[in-house]
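Step one of this worksheet: look at the structure below.
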Amino acid sequence: MEPLSIYFHWPYCKSKCPYCDFFSKVAKSVNQAEMIESYINELDYYHELLPKKTIRSIFFGGGTPSLIEPQHIEKLIVHASKLWRFEDGVEISLEANPNSNHENMFKDLKNAGINRLSLGVQALNRDDLKLLGRTHNLNDALACIEDVVQTFDNHSIDLIYARPNQNMDQWLKELEQAVSFGLKHLSLYQLTIEEGTLFEKRGVKAMAEDKAAEMYLQTVYFLATHGYPRYEVSNFAPAQYESKHNKCYWQGDDYIGIGESAHGRLKLKNKHYALVYPHIKEELTPNERAEELIIMGLRLQKGIDKTHFKDITGLDFNEFINRPKLEQMVAGNLLQESNETLCATNQGFLLLDKIILELCS
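Residue 555 in my numbering sits at position 310 of the sequence shown, and the numbers go up by one each step.
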């Protein structure tokens with residue numbers, strides 16, 4: 246039986262960042278014990294559906310899940326381990342913000358069962374931390390990175406690029422500083438101005454597409470030469486430190502989402518379901534699942550495995566795909582195809598949305 250991954254969504258933050266369009270809340274107080282009990286009830290519900298699964302990964306995201314008291318995190322991990330067998334090398338990740346740090350926080354999280362820590366730094370210069378509305382300063386960020394690297398064997402930081410008025414020299418200095426810590430993984434996200442965010446309301450303008458594209462290509466080259474090859478459009482790491490949990494999304498594996506706004510994907514009795522918290526199962530047609538696999542699979546450096554595609558959807562990749570469009574994009578050096586796989590080129594990664602739309606038309 247295919248393994249399962251678990252995503253816990255903790256929606257609460259200390260403040261709302263002006264670029265963020267994720268579901269999150271700012272609250273003065275939260276009854277954490279009550280929420281954790283609701284999460285445990287959800288685990289029990291899914292165990293009744295999936296009693297024979299094994300667990301490949303667990304991810305605490307948000308929001309700011311580092312605001313959860315470590316004993317509650319430990320309670321969830323222990324309960325999951327009693328319901329299902331954990332695979333050897335199970336990855337248990339948590340997203341943390343420097344502004345939630347307190348003395349011994351990272352050690353307490355490790356003792357609770359977290360073995361991979363992802364730190365939401367977002368910028369490594371003072372001015373842009375203020376621009377991005379971050380409530381930590383540069384010294385906080387640097388101290389937290391040092392603490393994370395000393396505490397965990399597996400770690401990552403998030404950075405945002407293509408900020409207003411950012412130039413390549415400034416960005417390369419930040420990347421040089423990031424890799425100097427010996428981090429195992431980097432997640433780098435282009436700043437986009439999303440509808441409904443504070444940035445959009447303030448009229449903040451995104452970086453010009455051509456400039457942002459050039460910044461991305463130089464970033465990919467810089468990190469590859471420093472031991473961080475791209476394995477997904479926004480993620481960079483040596484092979485042994487690629488995120489197991491995020492790869493389950495991109496490869497079309499089973500996962501469940503627990504917590505307000507969380508979602509999942511499951512295959513039950515040869516039918517595919519989209520899961521929406523709580524307890525809503527929407528059946529997906531083979532064509533809908535196939536489109537999802539193309540959307541997610543082309544984000545990976547290795548691309549879409551055609552055999553895996555058929556195993557999941559029951560559809561032949563070559564019959565499902567828009568073949569004339571595919572051949573046109575291969576000829577235009579946007580895609581590379583073999584008998585086994587289809588993947589994007591460097592130029593193709595810059596145009597993924599357009600490529601996916603045409604391949605599925």
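Glycine residues also receive a C-beta, built at the ideal position from the N, C-alpha and C atoms.
Review point. Run through DSSP, which three-state label would Phe397 get?
Key: coil
Exercise for review: Work out the CA separation of Glu582 and Ser260 for me, nearest whole Å.
Suggested key: 45 Å
Review point. In chain order, what residues of the same chain lie with their CB nearer than 7 Å to the CB of Lys429, ignoring the 5 residues before and after it?
Key: Asn399, His400, Ser401, Ala482 and Tyr486
**Study point:** Where His517 falls, given that 16 or more other Cβ within 10 Å makes a residue buried
**Key:** buried
Exercise for review: Select from Ala576, Val575 and Lys551 the residue whose C-alpha is nearest the C-alpha of Phe565.
Suggested key: Lys551
Exercise for review: Whole angstroms is fine: what's the gap from Val424's alpha carbon to His471's?
Suggested key: 8 Å
Practice item. State the beta-bridge partners of His517 as determined by DSSP. Key: Lys512 and Leu529
Practice item. Can you have a look at Pro315 and say buried or exposed, based on whether 16 or more other CB atoms are within 10 angstroms of its CB? Key: buried
Practice item. May I have the straight-line CA-CA distance separating Asn567 from Glu536, to the nearest angstrom? Key: 12 Å
Practice item. Would you mind working out which of Leu596, Tyr290 and Asn384 sits nearest Glu454, comparing C-alpha positions? Key: Leu596
Check your understanding: Taking the DSSP output, what are the residues bridged to Arg371?
Key -> The partner list for Arg371 (beta bridge, DSSP) is empty, contrary to what the question assumes.
Check your understanding: Who are the near neighbours of Glu527 in its chain, counting only those whose CB is closer than 6 Å to its CB and skipping five residues on each side?
Key -> Ala519
**Study point:** Start-to-end residues for the beta strand (DSSP E) that takes in Trp495
**Key:** That residue, Trp495, is in no beta strand (DSSP E); its alpha helix (DSSP H) goes Lys489 to Gln496.
Review point. Under the DSSP definition of a beta bridge, which residues are partnered with Gly502?
Key: Tyr252
Check your understanding: Among Val521, Leu433, Asn563 and Ala272, which residue has its Cα nearest to the Cα of Glu585?
Key -> Asn563
Exercise for review: Starting from Glu314, follow its DSSP beta bridges and name the residues at the other end.
Suggested key: Answer is none; Glu314 lacks a bridge partner.
**Study point:** Where Ala386 falls, given that 16 or more other Cβ within 10 Å makes a residue buried
**Key:** buried
Exercise for review: Can you grab the Cα-Cα spacing for the pair Tyr291 / Ser363, in whole Å?
Suggested key: 26 Å
Exercise for review: Identify every residue that forms a DSSP beta bridge with Gln435.
Suggested key: Tyr406
Review point. How many angstroms separate the CA atom of Lys492 from the CA atom of Ile540?
Key: 13 Å
**Study point:** Simplified DSSP state of Ala589, which is helix, strand or coil
**Key:** strand
Check your understanding: Considering only residues of the same chain and omitting the five flanking positions on each side of Ser345, which have a CB-CB separation below 8 Å?
Key -> Lys259, Thr309, Ser311 and Leu312
Check your understanding: Exposed or buried, what is Gly208 when buried is set at 16 or more other beta-carbons lying within 10 Å of its beta-carbon?
Key -> Since the first and last residues shown for the chain are 246 and 606, residue 208 lies out of range.
**Study point:** Pairwise C-alpha distance: Lys375 and Glu287
**Key:** 38 Å
Check your understanding: Lys297: which of Trp329, Ile549 and Leu571 sits nearest, CA to CA?
Key -> Trp329
Check your understanding: How about the segment 376-384 and the segment 322-336: do they share at least three Cβ pairs that are nearer than 8 Å?
Key -> no
Point to revise | C-alpha gap between Glu419 and Lys456, whole angstroms | key: 18 Å
Exercise for review: With DSSP as the reference, label Ile322 as helix, strand or coil.
Suggested key: helix
Check your understanding: Cα separation between Ile359 and Leu339?
Key -> 7 Å
Exercise for review: Please classify Arg371: is it buried, with 16 or more other beta-carbons within 10 angstroms of its beta-carbon, or exposed?
Suggested key: exposed
Check your understanding: Going by Cα to Cα distance, which pick from Ile503, Ala576, Lys555 and Ile438 is closest to Ile281?
Key -> Ile503
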